[in-house]
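Chemist:
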Amino acid sequence: MNVNKLTAALLATTGLAVTSAYADTDVTVYGKLNVTAENVDNGDDSTAKLNSNASRLGFKGKTGLTESTSVIYKMEYEVAVDDGDTKDGNAFKQRNIYIGLTGDFGTVFAGNHDTALKLSQNKVDVMNDLNGGDMKNVLVGETRAKNIINYTTPSYSGFSATIQPILNEGDNITGEDGDKEDGFFDSFSSSVNWENDSFYVALAHDNNVATKSALEHDAFDNTRLVAQYKIAALTFGALYQVSDYQGVDASNLNEDSFTGYLVSAAYKINKQWKVYGQVGQSDMPIEYVDTDKNEQYGIGVDYNFSKATKVFGFYNSLEATENVSNNKEELDVLGLGLQHKF
């Protein structure tokens, strides 16, 4: 049996198992397929590409244990619509996976999950997951952490808080003093949020959290302030972040404290049409260790056939400049895509 047939058989078997074994529980099979045809220009060459943008397949559920307490669980995997390769050599790539409890006391779970800082952006990043447009191209801290323990309070008049210890388990995460950060609270992510029908505000903080960057031992303290305001069909968003490098590999840096921002807007013309755009900038070490500036802007338009299906077009521009040499990395992406959720 080849790999594709084996994968199909496993999915079919899993579906039957969900149907039969959990008929009395709230189990949901869900997913998103998002694929774009793009013209990608890096300043030297122009290439036609097909991209799968964080397409995914997941299973989630909730089973009552007592009148006020339930067990919750989720298994979500990225799938590559374009070429079957999630860039790590596998057909499936782990996303948020956890098991936990929820009740009047709040929600607690453990597993592999987005940090509170990453989640705090809500939907300010209107170009999320798109080539050259996602805010991870200008801001560090978009982390899905391994070995994370999450506690989120119940919502009180729109207020909630989250604390997430991250267990590094000897992953060579070091502080500024060179000591390994391998205790329960040596690394953590946290947030405080408030929202109502029109406003969303969040203050989030990472303490010594490993995140993707141009630095080798890439632990950062990140503090992020987020605000979003909706008035009728128009939504404005803004995000400001301060990031301090906590590792010992700072010899090539002029400074180890960085700032960045993102602003966005979206307008629903009617039930079918939506236009949106954003601008972001930082001096964070993402493409280069010693970065002068990361600049990104993007615009897009959606046509929604339904809540589940849309076609969309977008243009994203990204430029990173090195501090001393003024070397530049450029990316301009023009794309047309189709998305379906189930």
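Heads up: the sequence shown begins at 1 in full-length UniProt numbering, then just goes up one per residue.
The C-beta atom is built at its ideal place from N, Cα and C for all residues, glycine as well.
Computed from a predicted structure; not experimentally measured.
#1: Look at V140 and S70 and say whether their C-beta atoms are less than 9 Å apart.
#2: Please determine whether the Cβ atom of A266 lies at a distance below 8 Å from any heavy atom of the ligand NAP.
#3: Determine the burial state of V324: buried for a count of at least 16 other Cβ atoms within 10 Å of its Cβ, exposed for fewer.
#4: Restricting to Cα atoms, I'd like to know which of A238, G183 and A232 is closest to Y267.
#5: Mapping DSSP to helix, strand and coil, what is L117?
#6: Alpha carbon to alpha carbon, how far is L65 from T107?
#7: Straight-line CA distance for D114 to Y98?
#8: Can you list, in chain order, the residues of its chain whose CB lies under 7 Å from that of D281, leaving out five sequence neighbours each side?
#9: With a CB to CB cut of under 6 Å and the five nearest residues on each side skipped, what residues in its chain are close to A126?
#10: What does a CB cutoff of less than 6 Å around A145 pick up in its chain, not counting 5 residues either side in sequence?
#11: Taking the beta carbon of P285 as the centre, do at least 16 other beta carbons fall within 10 Å, making it buried, or is it exposed?
#12: Who does N207 pair with in a DSSP beta bridge?
#13: In angstroms, rounded to a whole number, what distance separates the CA positions of K230 and I269?
#14: Beta strand (DSSP E) containing K146: first to last residue?
#15: Run the CB neighbour count on G335, radius 10 Å, all protein chains shown included, and call it buried at 16 or more, exposed below.
#16: Looking only at its own chain, which residues have a Cβ that is under 6 Å from the Cβ of G132, when we skip the five neighbours before and after it?
#17: Can you tell which of Y288, P154, V289 and F312 has the C-alpha that lies nearest to the C-alpha of I299?
#18: Looking only at DSSP bridge pairs, what is L57 linked to?
#19: Which of the three DSSP states is assigned to N137 in this structure?
Modeler: On the basis of the data shown:
#1: no
#2: What this structure holds is no ligand at all, so the ligand NAP is not there to describe.
#3: exposed
#4: A232
#5: helix
#6: 14 Å
#7: 11 Å
#8: One detail in the question is off: residue 281 reads as Gln in this sequence, not Asp. Once the five neighbours on either side are set aside, the close Cβ partners of Q281 are V138, G260, Y261, K293, N294 and E295.
#9: For clarity, residue 126 is Val in the given sequence; the question names Ala instead. Cβ within range, chain order: S264, A266, Y276 and Q278.
#10: T115 and I166
#11: buried
#12: F188
#13: 14 Å
#14: R144 to T152
#15: buried
#16: N316, L318, L331 and V333
#17: F312
#18: G31 and Y77
#19: helix
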